[in-house]
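Chemist: Please see the structure below; I have some questions.
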Amino acid sequence: MKLKSIIATALLLAGTFAVAAQTRVVAHRGFWDAPGASQNSIRSLIKADSIGCWGSEFDVWMSLDGTLFVNHDATINGVEIQSSRARDVKVQRLSNGEYIPTLKQYLQAGTKLKTQLVLELKEHRDVHHEAKAVKKILKMVKKMGLEKRMTYITFSLPALIELIKGVPAGTEVYYLDGDLSPAKLKHLKAAGLDYSLRTMKRHFDWFEEAKREGVKVNVWTVNEEDDMRWCIENGADFITTNAPLRLQQLLTAP
Ligand code: MG
């Protein structure tokens, strides 16, 4: 290979790495601030994909009788998901008029899209119920051929451990609760930390520690430009935001 082409290849590779190292945009509960969408609706997932978000986050609860639903709060229209039967949950509507999606419906919509599916398993009261939810989720994802499209996040330490045990090699699982250092998360074989902006401001050194330990950093929920800049400058791998368009603009600005 001639020197010129070696240099050209090296430059191309350097460029590729520079792109790969750029902060990625995760739409928090989908891109819900879009016409006709609402938080955690299938429409918000489609909208996040349509603007080219790297990932779209959503929250998962399991009903008493084992159906997985996508919703942020523990309750929907006064019906608590984890202690209710699926038939009483599935008739509830979101604010945009959609029925609350089951995880199956949500993932089915995801199969037609490109965005990474960032699944947050909510912390359930009963740890056994939660472990059952992990098993059901992983089985469903595998059956739908979505294993490579998934990222998992959770506040629950038991669920984190179950997820890490159950996911195929290469699937990333992140911890949300903010109380474990990057070194401790590496020890647990988590992909990294997915912590609030407030936590990262308090533990500023965790950006460096994460790099040293080879784990990744996601920060939530970052909506203001100054805070987005702060995360980007500190090398955040992902930012989860309610304002994905603003963040995309910031990342592509010269
Ligand atoms: Mg969430």
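Each residue of the sequence shown is one higher than the one before, counting from 1208 in my numbering. Cβ coordinates follow ideal geometry from the N, Cα and C atoms, glycine included. Just so we're clear, the structure is a prediction, and the values are computed from it rather than from any experiment.
1) Where does Trp1427 fall in DSSP's three states?
2) Of all the options Arg1294, Ala1443, Glu1354 and Leu1326, which has the alpha carbon lying nearest to the alpha carbon of Asp1272?
3) On the three-pair Cβ rule with 8 Å, is the region 1366-1386 touching the region 1395-1405?
4) Tell me the start and end of each unbroken beta strand (DSSP E) in the region 1317-1374 that is at least 3 residues and wholly inside, in chain order.
5) Can you give the Cα-Cα distance for Ala1255 and Gly1243, rounded to whole angstroms?
6) Write down the C-beta distance between Val1233 and Glu1264 rounded to the nearest angstrom, noting that I regard them as a contact closer than 8 Å.
7) In chain order, which continuous runs of the beta strand (DSSP E) of length 3 or greater are located wholly inside the region 1244-1308?
8) With a cut-off of 8 Å on the beta carbons, I'd call Tyr1382 and Leu1404 a contact; round off their distance for me.
9) Under the criterion of a Cβ to heavy atom distance below 7 Å, does Asp1266 qualify as lining the ligand MG?
10) Count the other CB atoms, across all protein chains shown, that sit within 10 Å of the CB of Gly1237; report buried if there are 16 or more and exposed otherwise.
11) Would you kindly report the start and end of the unbroken alpha helix (DSSP H) that includes Leu1452?
12) Hey, quick one: how far does the beta strand (DSSP E) through Leu1471 stretch, first residue to last?
13) Determine the burial state of Gly1262: buried for a count of at least 16 other Cβ atoms within 10 Å of its Cβ, exposed for fewer.
14) Within 10 angstroms of its Cβ, does Gln1456 collect 16 or more other Cβ (buried), or is it exposed?
15) Examine the ligand MG and report whether any of its heavy atoms sits within less than 7 Å of the Cβ of Glu1327.
16) CA-CA distance, Tyr1306 and Tyr1402?
17) Are Asn1303 and Arg1250 close, meaning C-beta to C-beta below 8 Å?
18) Figure out for me which residue from Gln1289, Asp1266 and Phe1414 has the closest Cα to the Cα of Leu1314.
19) Compute every distance between the C-beta of His1279 and the non-hydrogen atoms of the ligand MG, then say whether any falls below 7 Å.
20) Kindly list the residues whose CB is nearer than 7 Å to the CB of Glu1354, restricted to its own chain and excluding five residues on each side of it in sequence; keep chain order.
21) Quick one: what does DSSP say Thr1524 is sitting in, helix, strand or coil?
Modeler: Short version:
1) Under the three-state reduction of DSSP output, Trp1427 falls in the strand class.
2) It is Arg1294 whose Cα lies nearest to the Cα of Asp1272.
3) Contact holds: three or more Cβ-Cβ distances are below 8 Å.
4) Here the runs fully enclosed are 1323-1328 and 1357-1361.
5) Roughly 13 Å separates the two Cα atoms.
6) Yes, they are in contact, since the Cβ atoms of Val1233 and Glu1264 sit about 5 Å apart, within 8 Å.
7) Here the runs fully enclosed are 1262-1269 and 1275-1277.
8) Not really, about 16 Å apart at Cβ, beyond 8 Å.
9) Because some heavy atom of the ligand MG lies under 7 Å away, the Cβ of Asp1266 counts as near it: yes.
10) Around the beta carbon of Gly1237, 16 or more other beta carbons sit within 10 angstroms, so the residue counts as buried.
11) For Leu1452, the enclosing alpha helix (DSSP H) stretches over residues Pro1451 to Thr1459.
12) Any answer about residue 1471 is impossible in this case: the structure gives the chain only from 1208 up to 1461.
13) In summary, Gly1262 is buried, with 16 or more beta-carbon neighbours lying within 10 Å of its beta-carbon over all protein chains present.
14) Gln1456 is classed as exposed because its beta carbon has fewer than 16 other beta carbons within 10 Å across all chains shown.
15) Indeed, a heavy atom of the ligand MG lies less than 7 Å from the Cβ.
16) If I take the Cα positions, the gap works out to 30 Å.
17) For the 8 Å CB-CB criterion, Asn1303 and Arg1250 form a contact.
18) Of the listed residues, the one whose Cα sits closest to Leu1314 is Asp1266.
19) Flag set: Cβ of His1279 near the ligand MG.
20) Apart from the 5 residues on each side of it in sequence, Glu1354 sits with its Cβ closer than 7 Å to the Cβ of Val1348, Pro1375 and Thr1378 in its chain, given in chain order.
21) Absent from the model: residue 1524. The displayed extent of the chain is 1208 to 1461, so no value can be given.
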